[in-house]
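Remarks on the structure that follows.
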Amino acid sequence: MICVRCLRDTARKVAEAPDRSGVWEVYYCKRCNYSWRSTEEEQITVLEKRDPEFQLDQEDLESLSSPNPIPPLEKK
Amino acid sequence: MMRGFGISIRPRTVFMAFQSLRSFLEALGKNGQLVTLHDIVYPEPDVRTYLKAAADLDNDSPAIVFDNIMGYKGFRIAGNVHGSWVNHAILLGMDRNANIRQQFFQVDRLWQDLSSGELKWVDNAPCQEIVVEKNINLYELMPLFRINQNDGGYYFSKACVISRDSEDPENLDKENVGIYRVMVQGPDTLGMQPLPYHDFARHLRRCEEKNESFPVAICIGNPPWLTTMAATPLPYGQSEYIAAAAIMGEPIELTKAIGSNLNIPAHCEYVIEGEVIPRQRFCEGPFGEFPGSYSGARNQIRIKVNRVTHRRDPIYETLFIGKPWTEHDTLIGLWTSVPLYKQLKAEFPEVKCVNAMYQHGLTIIVASDMRLGGFGKTLAFRVASTPHGMSYAKNIIIVDGDVDPFNLEKVMWALSTRIRAEKDVVVIPNTPGVPLDPCTDPPGVGSKLIIDATTPVAPDRMREITMIADPPGSAKAAERLREILKEVRPQF
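Going line by line, the protein sequences match chains A and B.
Okay, so the first sequence: first residue is 1 according to my numbering, each after it adds one.
Okay, so the second sequence: first residue is 77 according to my numbering, each after it adds one.
This is the structure we're talking about:
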């Protein structure tokens, strides 16, 4: 399914309400690591109502900073 | 009832070690500091809404336990446990009305030889009553919820992350217990943000240089003293377990993780055992942080979860962090202030008190007597060169020793009547800052503002002014008035 944040077809359902009430489902995008629940506010679940500042496109994902850079490998 | 218990009595009189979150919740309940919310709540936005409301209540804001969460029937969430000064006073073994300054000096008294604590290992630990090793699904094993609306996912905001130094794996002093933001990224995967100056980052670097994974345990619902010490800036070689036990005055009860040699608190509610995947980074965030702003999405480390253990009927403890004031600020406020006080006082005995409660010490107020003219700036330089102050101390305010730095009316009086802006206000540009502080640009580079609001002493001088002294017996008179008030207001 389409991820509501990065808009790629890389999301899937990962959970249902554990009390088996069926009241919600949780979705997760393996590309941008976003999770959301079907019962969250429309600003989260409805694409048109999401804040553009918090969307992530390809360029955003490629330009993320890394507070802990990967160190050089130790020479053996 | 603790009525009549004065703070001058030895602190251990009603002090309790609290080996578990549950025993602390029970104590809060007995003191009228626990609300169990039976109303139906949705994970979003209700849980955050209630926790923010609790954070905005007065000084006696209670801990909240949610026990009727839509879709998570049978689960419980606890929040705001360290979220008010009354709760903190109860943890410290003080009268519930103890003010912040009194609590500061209680922390100072309790914080003696932190390396003297003892550890006790127990078998059949409650935290391992239930073991889940197959089909791990964190979204279904614990009542996760989005803390701030634009967070990138569901976060553990009050989890103790335990790791060891791979170069010295048997050294208990280097076993680290720290609170880091941990993001659930799929059913059995986590992302985490350790910053380069965190102890965890040392463990990470050593393993990544060798391209080796290393075990971590992520514990949720911890004994309150362990949470407190995990949130306190301690030196690298100081074990948080040993420090917590030193404060508790009795051995802290631990057990071994099932899949590694990591020690975990025996009475915690959930343990997530996993391993850090070396030399890979994945998108994490954003996350609403303690300055009251979101920190953006970043590339961070990933943890693969191998096992989840938990108590029967576990309590998922969380901490609301976001637009201040929040539980985060109460949890760490005095525990950031006291180590700075001790570091300053070691070299400058004139220092009387330190308030570093504001956003983890972005603003710090030091009260001190003045040794000589210009001494206020000397103290400010020292604040800026402490391990914590180096990056955090952005606004450094120095006031006279007779000004209570926790009484902002007095601090404002000092600022209003002492500052000679041309002499007493200095900005030092381009210094280390905190990346999460939205003022640092580039993130992590900021400046230091020093405000010396002290009365000039020789060889500096001020105009011929005589300050009004307090009546000599006023402190004793205040004590007497407090005694009488306790009789007038027995119900409080």
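Beta carbons: idealized from backbone N, C-alpha and C, even for Gly.
When you compare only the Cα positions, how much space is there between residue i and residue j?
{"i": "P481 (chain B)", "j": "Q178 (chain B)", "result": "12 angstroms"}
{"i": "A201 (chain B)", "j": "S369 (chain B)", "result": "39 angstroms"}
{"i": "T439 (chain B)", "j": "K524 (chain B)", "result": "10 angstroms"}
{"i": "D51 (chain A)", "j": "L395 (chain B)", "result": "25 angstroms"}
{"i": "P566 (chain B)", "j": "V157 (chain B)", "result": "26 angstroms"}
{"i": "R152 (chain B)", "j": "N144 (chain B)", "result": "7 angstroms"}
{"i": "A103 (chain B)", "j": "D136 (chain B)", "result": "14 angstroms"}
{"i": "A293 (chain B)", "j": "F276 (chain B)", "result": "12 angstroms"}
{"i": "I450 (chain B)", "j": "D536 (chain B)", "result": "A small fix is needed here, since residue 450 (chain B) is Gly in this sequence, not Ile. Spanning the two alpha carbons is a distance of roughly 7 angstroms."}
{"i": "H436 (chain B)", "j": "D171 (chain B)", "result": "25 angstroms"}
{"i": "I340 (chain B)", "j": "F94 (chain B)", "result": "16 angstroms"}
{"i": "V208 (chain B)", "j": "I238 (chain B)", "result": "19 angstroms"}
{"i": "Q261 (chain B)", "j": "G267 (chain B)", "result": "6 angstroms"}
{"i": "R355 (chain B)", "j": "F180 (chain B)", "result": "42 angstroms"}
{"i": "A460 (chain B)", "j": "S467 (chain B)", "result": "8 angstroms"}
{"i": "D241 (chain B)", "j": "P121 (chain B)", "result": "39 angstroms"}
{"i": "L407 (chain B)", "j": "T308 (chain B)", "result": "9 angstroms"}
{"i": "D546 (chain B)", "j": "W489 (chain B)", "result": "15 angstroms"}
{"i": "D199 (chain B)", "j": "E205 (chain B)", "result": "11 angstroms"}
{"i": "M77 (chain B)", "j": "F457 (chain B)", "result": "Confidence in M77 (chain B) is poor, its pLDDT being 33 and thus under 50, which makes the residue's placement unreliable; the coordinate value appears in the next sentence. Cα-Cα distance, rounded: 46 angstroms."}
{"i": "P505 (chain B)", "j": "L186 (chain B)", "result": "37 angstroms"}
{"i": "F221 (chain B)", "j": "V23 (chain A)", "result": "15 angstroms"}
{"i": "S60 (chain A)", "j": "N224 (chain B)", "result": "For the record, residue 60 (chain A) in the displayed sequence is Asp; it is not Ser. In a straight line, the C-alpha of D60 (chain A) is about 21 angstroms away from that of N224 (chain B)."}
{"i": "L455 (chain B)", "j": "H464 (chain B)", "result": "15 angstroms"}
{"i": "M92 (chain B)", "j": "P311 (chain B)", "result": "25 angstroms"}
{"i": "E246 (chain B)", "j": "N337 (chain B)", "result": "9 angstroms"}
{"i": "I441 (chain B)", "j": "E74 (chain A)", "result": "44 angstroms"}
In chain order, what residues of the same chain have a beta carbon less than 8 angstroms from the beta carbon of residue i, not counting five sequence neighbours either side?
{"i": "E42 (chain A)", "result": "K49"}
{"i": "G228 (chain B)", "result": "M259, C359, E360, G361, P362, F363, A373"}
{"i": "R357 (chain B)", "result": "N375, Q376, I377, R378"}
{"i": "G82 (chain B)", "result": "With a pLDDT of 39 at G82 (chain B), under the threshold of 50, the modelled position of this residue cannot be trusted; read the value that follows with caution. Cβ within range, chain order: D171."}
{"i": "H274 (chain B)", "result": "G254, Y256"}
Could you tell me which of the options sits nearest to residue i, measuring between CA atoms?
{"i": "C3 (chain A)", "options": "A:P71, A:V26, A:N68", "result": "A:V26"}
{"i": "R12 (chain A)", "options": "A:L64, A:P71, A:S38, A:S65", "result": "A:S38"}
{"i": "G159 (chain B)", "options": "B:K562, B:W187, B:L561, B:L101", "result": "B:L101"}
{"i": "T462 (chain B)", "options": "B:K421, B:V352, B:N298, B:P327", "result": "B:K421"}
{"i": "P425 (chain B)", "options": "B:K470, B:E559, B:G477, B:L133", "result": "B:G477"}
{"i": "I541 (chain B)", "options": "B:R494, B:S242, B:E559, B:Q314", "result": "B:R494"}
{"i": "Q182 (chain B)", "options": "B:H164, B:D199, B:K196, B:L195", "result": "B:H164"}
{"i": "V381 (chain B)", "options": "B:R387, B:R388, B:E349, B:I397", "result": "B:E349"}
{"i": "P367 (chain B)", "options": "B:K470, B:P311, B:L338", "result": "B:K470"}
{"i": "Y230 (chain B)", "options": "B:A497, B:I397, B:R496", "result": "B:I397"}
{"i": "S233 (chain B)", "options": "B:V502, B:L127, B:N175, B:P245", "result": "B:L127"}
{"i": "R648 (chain B)", "options": "B:A321, B:C344, B:H404", "result": "Nothing about residue 648 (chain B) can be read from this structure; chain B reaches only from 77 to 568."}
{"i": "D19 (chain A)", "options": "B:Y215, B:C203, B:G335", "result": "B:Y215"}
With DSSP run on the structure shown, which of helix, strand or coil describes residue i?
{"i": "P511 (chain B)", "result": "coil"}
{"i": "N224 (chain B)", "result": "coil"}
{"i": "G105 (chain B)", "result": "helix"}
{"i": "G465 (chain B)", "result": "helix"}
{"i": "N471 (chain B)", "result": "strand"}
{"i": "H386 (chain B)", "result": "strand"}
{"i": "K332 (chain B)", "result": "strand"}
{"i": "R556 (chain B)", "result": "helix"}
{"i": "Y312 (chain B)", "result": "coil"}
{"i": "C283 (chain B)", "result": "helix"}
{"i": "I504 (chain B)", "result": "strand"}
{"i": "Y417 (chain B)", "result": "helix"}
{"i": "I116 (chain B)", "result": "coil"}
Less than 7 angstroms between C-beta atoms, sequence neighbours within five positions excluded: which residues of the same chain meet that for residue i?
{"i": "A306 (chain B)", "result": "C236, V253, G254, I255, E316"}
{"i": "I166 (chain B)", "result": "A103, L104, N107, Q109, R172"}
{"i": "P532 (chain B)", "result": "G449, M538"}
{"i": "I212 (chain B)", "result": "P263, D264, V381, V384"}
If I measure Cβ to Cβ from residue i and keep anything under 6 angstroms in the same chain, skipping five residues before and after, which residues do I get?
{"i": "K552 (chain B)", "result": "none"}
{"i": "A154 (chain B)", "result": "V141, I391, E393"}
{"i": "P219 (chain B)", "result": "I145, Y148, F151, I153, Y392"}
{"i": "K399 (chain B)", "result": "G368"}
{"i": "A443 (chain B)", "result": "K428, C429, V475, G477, V479, P481"}
If I'm right that residue i touches residue j with Cβ under 8 angstroms, what's the distance once you round it to whole angstroms?
{"i": "G409 (chain B)", "j": "M446 (chain B)", "result": "Not a contact, Cβ separation roughly 26 angstroms."}
{"i": "G193 (chain B)", "j": "A342 (chain B)", "result": "Wrong, their Cβ atoms sit about 15 angstroms apart, outside the cutoff."}
{"i": "L280 (chain B)", "j": "V162 (chain B)", "result": "That pair is no contact at about 38 angstroms."}
{"i": "R31 (chain A)", "j": "T10 (chain A)", "result": "4 angstroms"}
{"i": "P67 (chain A)", "j": "L271 (chain B)", "result": "6 angstroms"}
{"i": "A131 (chain B)", "j": "T402 (chain B)", "result": "5 angstroms"}
{"i": "Y34 (chain A)", "j": "R5 (chain A)", "result": "4 angstroms"}
{"i": "D249 (chain B)", "j": "G313 (chain B)", "result": "5 angstroms"}
{"i": "V414 (chain B)", "j": "D189 (chain B)", "result": "14 angstroms between Cβ atoms; not a contact."}
{"i": "I473 (chain B)", "j": "I527 (chain B)", "result": "5 angstroms"}
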